[in-house]
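**Student:** Each residue of the sequence shown is one higher than the one before, counting from 5 in our numbering.
Note that CB positions come from ideal geometry on N, CA and C, so glycine has one too.
Because the structure is a prediction, the values reported are computed rather than measured.
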Amino acid sequence: MPICGGAQAQSTAADASSATVVVQAGVAVATRYAGSDERAVVPLLGLEYAHPSGFFASTQRGLGYAGSAGPLSYSAALGYRGKREEKKTTGLGFSSGSKYLRGMGEVKGSATANLTLSYAVMERLQLQVATEQPVSNRDNGALYSVGAAATLLEDGKNTMVLSVAANAADRKYMQTYHGVTAAQSARSGYAAYTPKAGAHLAEAGVSWQHKLSSEWSVTGMVGAQTLLGDAKKSPLTRRTTSLVGAVFVSYSY
5 MPICGGAQAQ
15 STAADASSAT
25 VVVQAGVAVA
35 TRYAGSDERA
45 VVPLLGLEYA
55 HPSGFFASTQ
65 RGLGYAGSAG
75 PLSYSAALGY
85 RGKREEKKTT
95 GLGFSSGSKY
105 LRGMGEVKGS
115 ATANLTLSYA
125 VMERLQLQVA
135 TEQPVSNRDN
145 GALYSVGAAA
155 TLLEDGKNTM
165 VLSVAANAAD
175 RKYMQTYHGV
185 TAAQSARSGY
195 AAYTPKAGAH
205 LAEAGVSWQH
215 KLSSEWSVTG
225 MVGAQTLLGD
235 AKKSPLTRRT
245 TSLVGAVFVS
255 YSY
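This is how it looks when you write it as structure tokens:
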């Protein structure tokens, strides 16, 4: 459940002279799928290792390399986009899928190549472009995003970040997650729908991190996401705008 990625940057910053491990645990509230009107409360568990060389391994960012040159920073990683179930499922505290997707079939997960480029316009303002390209199950399609993050407060104990972002999707992504084929229409009862590539989603969020000590911190995130373009018009879309949020504790060493 990304909320523009602002809080993640707060909680995973590493000491440039030594390797860092960050462990996170908390809860998140999000919709069951993009366009759903059902909410799910799920455990939020995270682990990240960052080496001074730039190598990182993360449950959120994947396996990759990050670097910087002046105000420019970049990363390339192999990540994973989860599957979408056609019915509500629960296991080990996690819940996914929806009864409103019955007959749509399962969307299999994809390994993804994630590329990110950021530019620090000034000390507290960062612009970002990114793409998520599937390297397995390539019919799941690709995403392209732009965003900005502004640090509103940073006093040593507290960090508050305001983030905004928007993304566009290719035709395969739109068809996989928002389209309805003739076969799916016959099984589900939804009207057949073939969305075009284009604007997909916009989001805005604010995150607040409070340091309890040099190792411990707590982070809260809240935001809103709204579907755009043909994704908004999909027969699968039951609500175009939804609130999302999370709270988690981080331990770094």
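(1) What span of residues does the alpha helix (DSSP H) with residue 233 cover, start to end?
(2) So, using beta-carbon positions, are residue 228 and residue 203 closer together than 7 Å?
(3) Work out the CA separation of residue 53 and residue 24 for me, nearest whole Å.
(4) So for residue 141, helix, strand or coil by DSSP?
(5) When you compare only the Cα positions, how much space is there between residue 134 and residue 85?
(6) Please go through the same chain and pick out, in chain order, the residues whose beta-carbon is closer than 7 Å to the beta-carbon of residue 242, but skip the five residues on each side of it.
(7) Decide if residue 142 is buried, meaning its Cβ has at least 16 other Cβ atoms within 10 Å, or exposed.
(8) So what does DSSP say about residue 191, is it helix, strand or coil?
(9) For residue 240, which option in 198, 257 and 251 has the closest C-alpha, if you only look at C-alpha atoms?
(10) Pick out whichever of 161, 44 and 128 has its Cα sitting closest to the Cα of residue 75.
(11) If you follow the beta strand (DSSP E) that residue 204 is part of, which residue opens it and which one closes it?
(12) What separation, rounded to the nearest whole angstrom, lies between the Cα atoms of residue 178 and residue 232?
(13) Let me confirm a value: residue 36 is counted as buried when at least 16 other C-beta atoms fall within 10 Å, else exposed. Which label applies?
**Tutor:** Answer, in terms of the structure:
(1) Unbroken alpha helix (DSSP H) run through residue 233: 233-237.
(2) It is not a contact, given that the beta carbons lie outside the stated cut-off.
(3) Straight-line Cα distance between these residues: approximately 6 Å.
(4) Residue 141 falls in the coil class under three-state DSSP.
(5) Using only the alpha carbons, I get a separation of about 15 Å.
(6) Result list for residue 242: 39, 40, 41 and 104, in chain order.
(7) A residue is called buried once 16 or more other Cβ atoms fall within 10 Å of its Cβ, and residue 142, having fewer, is exposed.
(8) In the structure shown, residue 191 sits in a helix (DSSP, three-state: H, G or I).
(9) Among 198, 257 and 251, the Cα nearest to that of residue 240 is on 198.
(10) If we check each option's Cα against that of residue 75, 128 comes out closest.
(11) Looking at the DSSP string, the run of the beta strand (DSSP E) that includes residue 204 is 202-215.
(12) Rounded to whole angstroms, residue 178 to residue 232 spans 11 Å at the Cα level.
(13) By the 10 Å Cβ count, residue 36 comes out buried.
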